[in-house]
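Trainee: In the UniProt record's numbering, the protein residues as written are 1 to 676.
1) Have a look at 337, 394, 293 and 315 and flag the residue whose alpha-carbon is nearest the alpha-carbon of residue 344.
2) Less than 8 angstroms between the CB atoms is what I'm expecting for residue 553 and residue 314, so what's the real figure, rounded?
3) Going by the beta-carbon positions, is the gap between residue 709 and residue 146 smaller than 8 angstroms?
4) Under the DSSP definition of a beta bridge, which residues are partnered with residue 268?
5) Taking Cβ positions, are residue 470 and residue 23 nearer each other than 8 angstroms?
6) Can you give me the Cβ contacts of residue 307 inside the same chain, cut-off strictly under 6 angstroms, excluding the 5 residues immediately before and after it?
7) Quick one: residues in its chain with C-beta nearer than 8 angstroms to the C-beta of residue 176, no 5 flanking neighbours on either side, listed in chain order?
8) Tell me whether residue 677 sits in a helix, a strand or coil according to DSSP, three-state version.
9) May I ask you to report which of helix, strand or coil DSSP gives residue 145?
10) Return the chain-ordered ranges of every beta strand (DSSP E) run that is complete within the region 443 to 502 and spans a minimum of 3 residues.
11) Let me know if residue 420 comes out buried or exposed under the rule of 16 or more other beta-carbons within 10 Å of its beta-carbon.
12) Would residue 476 be called buried (16 or more neighbouring beta carbons within 10 Å of its own) or exposed?
13) Can you look up residue 128 in the DSSP assignment and give me helix, strand or coil?
14) Could you check what DSSP says for residue 586 in three-state terms: helix, strand or coil?
15) What did DSSP end up calling residue 239 once you bin it into helix, strand or coil?
16) With DSSP as the reference, label residue 181 as helix, strand or coil.
17) For residue 373, collect the residues of the same chain with a Cβ closer than 8 angstroms to its Cβ; drop the 5 residues on either side in sequence, then sort them by chain order.
18) Nearest to residue 666 by alpha carbon, out of 255, 510 and 570?
19) Nearest CA to the CA of residue 66: which residue from 429, 55 and 92?
20) Please state whether DSSP places residue 538 in a helix, a strand or coil.
21) What separation, rounded to the nearest whole angstrom, lies between the Cα atoms of residue 120 and residue 483?
22) Just to confirm the assignment: which complete alpha helix (DSSP H) runs, minimum length 4, are found wholly within the region 598 to 676?
23) Confirm, please, whether the CB-CB distance from residue 266 to residue 274 is below 8 angstroms.
24) Within the continuous beta strand (DSSP E) that includes residue 24, where are the two ends?
25) If you draw a straight line from the alpha carbon of residue 676 to that of residue 644, how long is it in whole angstroms?
26) I'd like to check one pair, residue 542 with residue 461: are the Cβ atoms closer than 8 angstroms?
27) Given a cut-off of 8 angstroms on the beta-carbon distance, is the pair residue 282 and residue 27 in contact?
28) So residue 115 and residue 238 are supposed to be a Cβ contact under 8 angstroms. How far apart are they, rounded?
29) Quick one: using the 10 Å Cβ neighbour count with 16 as the cut-off for buried, is residue 443 buried or exposed?
30) Alpha carbon to alpha carbon, what distance is there between residue 278 and residue 424?
31) Which two residues bound the contiguous alpha helix (DSSP H) that contains residue 375?
32) Helix, strand or coil: how does DSSP classify residue 292 here?
33) For residue 112, which residues of its own chain have a beta-carbon under 7 angstroms away from its beta-carbon, when the five flanking residues on both sides are left out?
34) Residue 226 and residue 136: beta carbons closer than 8 angstroms?
35) What residue range is occupied by the uninterrupted alpha helix (DSSP H) comprising residue 316?
36) Just curious, the alpha helix (DSSP H) that residue 365 is in, first and last residue?
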């Protein structure tokens, strides 16, 4: 129950049989939200509203790469009984200060780029692809498509040739925007995409790659290989008016990162995107304002980042573009990292980012003096227990230095993409800022539920969005029932922000969406006492062990990942085993420090690949992980039977989610040696 005395959701229809009651947001019990206000039916109209209201505000910022610095480090490897020293090279960027332009200047570039696209024969009958890193030019390309009514599809810039080919072939793409560094990937599959005739790129490209791509497309009708700046120049000389579409028309086809196989193209209309932005506006209006600023660094090919940026533009909030590799000051040279340089008040991250930030803070605390360690621990305790006098000291002195690492101004942060570990959530909420969780997917135009400060609690993903209604459905084989107390089951959602289906994939559309419009999310949820939704796990991640009990792999992983010895991990479970096991990519610095502290100096200096094969290290990791599990109250069947350590990052999707099937396949031989 909120301070105002109402719950986060309202029941609008009773449950029956396997189907639980239908709930809506407390903000939209009578009618689901479709648009921020009358007169806005398309993304073009939404952005024109932003232009009209905030045109003179310097709300778009970025940094240029000034220089690259190479640094060499000597590492020690153990080959047999011999120690071998090897020199490795790391590259660090030196960046300019942030450069700002107004919203009017940004949309002037959009007008020119859109006119340039028109000159290239790209129109409402063609599909355009954006295969680029998160930056201003990505948004220029997308907003230009909205202006001219061109459907665009997205490809993660980390996709390999096969994934890119799917997102070019399936929608019959005729034009693409990419970065110079990604042209080599495009070159590999351009022969298999004969309809692609317009290639636009930014940055400085290798002349040999340009020549090869040019020769491959030169025989195609109206083929062009052209620089981004030239498209803008051509458009400036040949301006055309907008040609927007209607709300029901397809705005974009968002291709998933392919974590479970072939990437799927999710069809999103203007109506879908507008409804989501309208509901975010309604839900967050009491908390955000036009003096806020947002650091953008997640992939724009991910629906969450794309919708958040469009909302920020519409609401008049400044956007500064950063890079994952340059967020912190440790990862750049002769300049500050993006967080300190831009000093955002708002930040969005996936659990992997929050784990990295938490572990970075913990490492600095552990390296400090005994007095400073004790002061930090006391400050955490005082704030967690709301001790007034010491809490004030902790906020103004102890935590001030922690917050300085992220620019010192963050008011709210959003965690999405997967559940955040409770320990990490509590730690950062105390030491850094208020972190709210959200829940969504590409199929829901990013948002199904969102926590607000009014209903803040750990473990919850918050209130249903005002643009959707939610119900739970029985999963009897796993013991989840939607009409029992607590109500648990598969989360189904319906509403104007939910997709109509997958592009040219009727069979999976039929599997995912019911005839009356319910999207089967595959997530297992639970209604909480205050009407908020919590996620228990993914339906596909429920695994039955040899004792007949089900365990929820994703829920367990989110807790085990909080272990300071872990950079990343993936759980594997078998019906022939009593417990799961973990494939772990270790957090090298913390692991070595622990070995030193435990008088294992003869092991601590070994190359990481040798550490991973050492029995002492494996046992230490297993013991530490199970300590974390026991502290979290895990049942015996949820603790780990064994571990496999690997000296490399696990296979990830472009959205930074672990590819479970790929992990099991890639490390099958190592797993079989120890499990089940």
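Just so you know, even glycine gets a beta-carbon here, dropped at the ideal spot from N, CA and C.
Mentor: The answer reads as follows:
1) 293
2) 38 angstroms between Cβ atoms; not a contact.
3) Here the chain has residues from 1 to 676 only, and residue 709 is not among them.
4) 252
5) yes
6) 276 and 446
7) 128, 129, 130, 131, 168, 186, 196, 198, 199 and 200
8) Since the first residue of the chain shown is 1 and the last is 676, residue 677 is not available in this structure.
9) helix
10) 460 to 464, 469 to 473 and 488 to 494
11) buried
12) exposed
13) strand
14) strand
15) coil
16) helix
17) 365 and 366
18) 570
19) 92
20) strand
21) 57 angstroms
22) 601 to 604, 608 to 613, 615 to 631, 660 to 666 and 668 to 674
23) no
24) 22 to 25
25) 12 angstroms
26) no
27) yes
28) 6 angstroms
29) buried
30) 31 angstroms
31) 370 to 384
32) coil
33) 232, 235 and 236
34) no
35) Run containing residue 316: none; DSSP gives neither H nor E here.
36) 351 to 366
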